[in-house]
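J.: Heads up: the sequence shown begins at -12 in the numbering used here, then just goes up one per residue. All residues carry an ideal CB built from backbone N, CA and C; glycine is no exception.
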Amino acid sequence: MKWKGKRYPEEFKRQIVKEVEETGNASLVARRHD
């Protein structure tokens, strides 16, 4: 994962996981949160 070294709150990570599961497109979600 390209997030190595960055500190994200648990809530943020859960939101990302939820979006990835809903969209089925992890790269799209990652780009949206860049």
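Identify, in the order they occur along the chain, each residue of the same chain with its Cβ nearer than 7 Å to the Cβ of V7, setting aside the five sequence neighbours on each side.
T.: A13, V16, listed in sequence order.
J.: Could you tell me the alpha carbon to alpha carbon distance between F(-1) and E9, rounded to whole angstroms?
T.: Answer to the nearest angstrom: the Cα atoms are 15 Å apart.
J.: Please state whether DSSP places R(-6) in a helix, a strand or coil.
T.: Note: R(-6) maps to coil in three-state DSSP.
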